[in-house]
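Top line first, the protein sequences correspond to chains A and B. Under the numbering used here, the first sequence has 176 at position 176, and the numbering climbs by one with no breaks. Remember, the numbering used here sits 1000 above the position in the second sequence when you count from 1. Even for Gly, the Cβ is constructed at its ideal location relative to N, Cα and C. Report on the structure given below.
Number of protein chains: 2
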Amino acid sequence: MELKKYKRSEDYSGWYNYIVENADLAEHAAVKGCMVIKPYGFAIWEKMQQELDKRFKDTGHSNAYFPLFIPKSLFEAEEKNAEGFAKECAVVTHYRLKTDPNNKGKLIVDPDAKLTEELVVRPTSEAIIWNTYKGWIKSYRDLPILLNQWANVVRWEMRTRLFLRTTEFLWQEGHTAHATSEEAVSETKQMLEVYADFAENILAIPVIKGVKSANERFAGADDTYCIEGMMQDGKALQMGTSHFLGQNFAKAFDVKYLNKENKLEHVWATSWGVSTRLMGALIMVHSDDDGLVLPPKLAPIQVVIVPIFRSEEDLAKITETVNPIISQLKALGISVKFDNRDTQKPGFKFAEWELKGVPVRLAIGPRDIENGTIEVARRDTKEKMVVNLTDLNHKVQHLLEQIQINLYQKAIDYRAEKTSVADTWEEFCQNIEKGFVMAHWDGTPETEQEIKNKTKATIRCIPLENKLEEGKCILSGKPSNQRVVFSKAY
Amino acid sequence: MELKKYKRSEDYSGWYNYIVENADLAEHAAVKGCMVIKPYGFAIWEKMQQELDKRFKDTGHSNAYFPLFIPKSLFEAEEKNAEGFAKECAVVTHYRLKTDPNNKGKLIVDPDAKLTEELVVRPTSEAIIWNTYKGWIKSYRDLPILLNQWANVVRWEMRTRLFLRTTEFLWQEGHTAHATSEEAVSETKQMLEVYADFAENILAIPVIKGVKSANERFAGADDTYCIEGMMQDGKALQMGTSHFLGQNFAKAFDVKYLNKENKLEHVWATSWGVSTRLMGALIMVHSDDDGLVLPPKLAPIQVVIVPIFRSEEDLAKITETVNPIISQLKALGISVKFDNRDTQKPGFKFAEWELKGVPVRLAIGPRDIENGTIEVARRDTKEKMVVNLTDLNHKVQHLLEQIQINLYQKAIDYRAEKTSVADTWEEFCQNIEKGFVMAHWDGTPETEQEIKNKTKATIRCIPLENKLEEGKCILSGKPSNQRVVFSKAY
């Protein structure tokens, strides 16, 4: 393990990759664009899943599972959706391999096992799910349907980055069916709130809730709501989306229900998702030049204990003192690791656990035992303090709560510092290099596209909690009644 | 919903399909051979996952995630494994669709987007994982690696049945790496014990633990251990396998480690898995002609309460009595559903919840409230009793425990009844139609194959807890020192 090779300020992208690989979160797989999620990284993802799954169930949703493959004829039924994803689809064309007659021990695709209809590996599941819902929905009594699935999806990406953009990724996708437009819109907004709550309270990342402009909308949606976070290079990352799909999929798959007045109507739909991309956000928002910084609520190891010892007797004595501490912390629901390896020195261990982002480190040696004390170090601020063993466990518990709050507050402050208001094109161009810019826009896709061409910045969203205010479009000078969030983005 | 259309004794396979589809467990998907796992079925699978995942973690394993796609050149590296799965591989050959120039609104596979190397959709992940482990293992200090992944896999099956054999299915696959053969064998056996414990204590299905004969071994394994259960038609179902892979994959992928004596050695491997096939076992072992019967430990709804009412006032009064009962049961960790629909009659509800296998049904009407009583019905034996409301909650808790035990005992008794010992070929042929037959076998693949050709029965396993006993092979008459389990199987 090499340590501290990268500085955020000098090589942001190198710093990011270094942390992902060296904190044992993920690595590139032998398959182009795909990743292996390593156990430590996967443990963080599992914690995210648990928190999200609980929130989905608390809001009345159940999990189900739909097939990985979508027959091409179903995939193309909703035209906008199909068009939006066609360019990035992995396609299964054959169902058998056979021995290569010219090359012993090698296999070739069996030309006799060509599928009559090609299968698309799901890039998203609206098509296969709405084709299934057709069989489930007859009357208003069958509605709403409130389902979610945890799954892998594949989108063939030309430029990939671990967690942020990979050919295969893990996600959850909610798919709901409703009797009315109002109910579907309200579901769309509810799930946006669920995502925002999760981002702020668990990931400790402040987000702007908003609606996408037409250019940035999900292919097949009438409206796309999103949460946007700011990374430490000032760029935006879309962290979750919730789509109001109108009747587009119901019409494409002919899904109708008999309403209370006994009339047939098309069903209304939503879909919403977050993915392993959130791992990228988590890393980029909180980490520093020493490595990963994890919010306590997602840390697989919340407290690491490093013994300082020269002899085996020292270690035995320390272990005797540490064992009841471990039990007490575990009883408070805190996950603890006692790093008693004799193959590494304390300095190495300190650096390693810093790199892995463990929120609280305890260090204890023979002199501490004599004094009845222990050294407590927090990962976020690097502060150290000496604490009496007698009140250690509640101090640690309190500290974990404080770290969670501090990380969120730091991220809020950083975002405030990097967010500016621009009223002229010059101001806009200067400030957009720094972070988010709140500016007026004339509401046309053409202007948005031109701004993107000139600056690489896009409209991240039209904030939901916007106050209306008269102004002029930053580029065209045409009238506008609210500011939108511009930024460069991942 | 049509009820009780099938009898096990008359149409076992129709009965099975009827329950799967009508108890809302799963249905056929639009993709040939694939299934949609419906919310009620998925909730049972989630409970299985939780129980298994806890056991994996308690035995020191972590979860991780490896790619869905395996480049063909990696897939073919371990020859026996590749040969074993080649005939059932879905293959991705292209990464893009494009608009059909001759057919507006339709898509075709873009011939310009052909992959230079085809990708196999994983039928099992040894190849991609051992290719990854190569980068992780240098020294004995890096061992053991104890990982599991929850994933979807694809095996192109010509004849499929919901849960039992589907083209795509969900499973977990453990993949471990060890310094010594002994350690790997001990891991293989440990995971077999984990599966057996789960099967007996959670699924309430007794299993025979054993080793497969060479004919039935996993492609690429030195030894395959398995647990085998008996279904209600007397056939065997392989419910889980644990493979000792020897050094086969380490050699194929050149994975070596420096041992303590500083010498390079190949690593030893295991893999082990169970799948959504367990859902099929669960259904087939416990259910009856009225529908699904669920062991309480896996029931998404453990108790259903059906109010018997004519008027809204009746329902209001019942609800008032039922609400504290629900709270008390929930406080005991029991999941309860109050079925207060006014669109269905009690008789319909009774039948519906029986079909869905809810272990305990409570029914309460105005007269019960006057008497301070409630009717309690158990799903497994159909017994009904009238219970005082005052001691209801602990009675229900006790009843759930009893049902779990009773289902297991019933399955044990059934298996004993359908298991016989055969010493002559005539006895064998008679008894094999009924269930398991314990018989001597000369140990050769040829004899096993001939018995299969003649009777369709295979050796399910050589039981681990076998007592040695001199005898003669049922077919060849050659000497044998132990009986093995023969049966027809799914």
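* C-beta neighbour in chain B for I44 (chain A), strict 8 Å -> no
* In terms of alpha-carbon separation, which member of B:E1446, B:T1447 and B:W1425 lies closest to V1437 (chain B)? -> Comparing Cα-Cα distances from V1437 (chain B) to each of B:E1446, B:T1447 and B:W1425, the minimum goes to B:W1425.
* Euclidean distance between Cα positions of L1315 (chain B) and E228 (chain A) -> Their backbone Cα atoms lie some 48 Å apart in a straight line.
* Cβ separation of R8 (chain A) and Q232 (chain A), assumed to be a contact under 8 Å, to the nearest whole Å -> 6 Å
* Residue(s) in a DSSP beta bridge with M1385 (chain B) -> BP columns for M1385 (chain B) point to B:V1376.
* N-terminal and C-terminal residue of the alpha helix (DSSP H) that P1445 (chain B) is part of -> P1445 to T1455
* **In chain order, each beta strand (DSSP E) run of at least 3 residues that lies wholly inside the segment 1001-1076 of chain B** => 1026-1028, 1035-1037 and 1069-1071
* Mind checking M279 (chain A): buried by the 16 CB within 10 Å criterion, or exposed? -> buried
* Going by beta carbon distance, what residues of the same chain come within less than 6 Å of L1219 (chain B), once the five residues before and after it are set aside? -> Before going further, note that residue 1219 (chain B) is Ala rather than Leu in the sequence given. So the list reads K1080, N1081 and G1084, once near-sequence residues are dropped.
* Taking 8 Å as the CB-CB cut-off, is C1461 (chain B) touching chain A? -> no
* At 3 residues or longer, and completely inside the segment 70-158 of chain A: list those beta strand (DSSP E) runs for me, N to C. => 91-94, 97-99, 107-109, 114-121 and 145-154
* In chain B, which residues lie less than 7 Å from H94 (chain A) when you measure between Cβ atoms? -> Within chain B, the residues near H94 (chain A) are V1091 and T1093.
* **Endpoints, beta strand (DSSP E) assigned at R161 (chain A)** => That residue, R161 (chain A), is in no beta strand (DSSP E); it is neither H nor E in DSSP.
* Asked: Taking the alpha-carbon positions, what's the M158 (chain A) to V1293 (chain B) distance?
  -> 50 Å
* **Cutoff 8 Å: T1270 (chain B) Cβ touching any chain A Cβ** => Contacts with chain A at 8 Å (Cβ-Cβ) do not include T1270 (chain B).
* For P1039 (chain B), decide whether its Cβ has a neighbour in chain A, counting only Cβ atoms nearer than 8 Å. => yes
* Asked: Between C1429 (chain B) and T1455 (chain B), what straight-line distance do the alpha-carbon atoms span, to the nearest angstrom?
  -> 7 Å
* Please state if the CB of L1237 (chain B) and the CB of M1035 (chain B) are separated by a distance shorter than 8 Å. => no
* Sorted by chain position, which residues of the same chain lie with C-beta nearer than 6 Å to D290 (chain A)'s C-beta, five sequence neighbours on each side aside? -> E354
* Please state whether DSSP places L203 (chain A) in a helix, a strand or coil. => coil
* Would you tell me roughly how many angstroms separate the C-alpha atoms of N102 (chain A) and L1115 (chain B), rounded to the nearest one? => 21 Å
* Could you name the residues that DSSP lists as bridge partners for Q1402 (chain B)? => Bridge partners of Q1402 (chain B): none, in fact.
* CB of L1389 (chain B) within 8 Å of CB of V1376 (chain B), strictly -> no
* To do: Would you verify that the beta carbon of W1156 (chain B) is, or is not, closer than 8 Å to some beta carbon of chain A?
  => It does: the Cβ of W1156 (chain B) has a partner Cβ on chain A nearer than 8 Å.
* **Secondary structure of T1390 (chain B), DSSP reduced to three states** => helix
* Asked: Which of helix, strand or coil does DSSP assign to M1524 (chain B)?
  -> Past the edges of chain B, shown from 1001 to 1490, lies residue 1524 (chain B), and the structure says nothing about it.
* Can you tell me which of B:G1347, B:K1356, B:F1348 and B:T1319 puts its alpha carbon nearest to the alpha carbon of F1338 (chain B)? => When only C-alpha atoms are compared, the closest one is B:T1319.
* To do: Select from B:K1251, B:R1277, B:T1059 and B:G1365 the residue whose C-alpha is nearest the C-alpha of I1037 (chain B).
  => B:R1277
* Could one say the Cβ of F1253 (chain B) lies closer than 8 Å to chain A's Cβ atoms, at least one of them? -> no
* Proximity test, Cβ basis, 8 Å: K87 (chain A) and chain B -> yes
* Asked: Hey, how far is the Cα of Y1040 (chain B) from the Cα of T132 (chain A)?
  -> 16 Å
* Buried versus exposed call for P324 (chain A) [16 or more other C-beta atoms within 10 Å across all chains shown] -> exposed
* Asked: Would you call the CB atoms of A1023 (chain B) and G1347 (chain B) closer than 8 Å?
  -> A1023 (chain B) places its beta carbon 8 Å or farther from that of G1347 (chain B).
* Closest by CA to A1439 (chain B), which one among B:N1406, B:I1432, B:E1450 and B:I1474? -> B:I1474
* Taking just the CA atoms, how far does K1072 (chain B) sit from E117 (chain A)? -> 22 Å
* Asked: DSSP on F169 (chain A), reduced to helix/strand/coil?
  -> Taken through DSSP and simplified to helix, strand or coil, F169 (chain A) comes out as strand.
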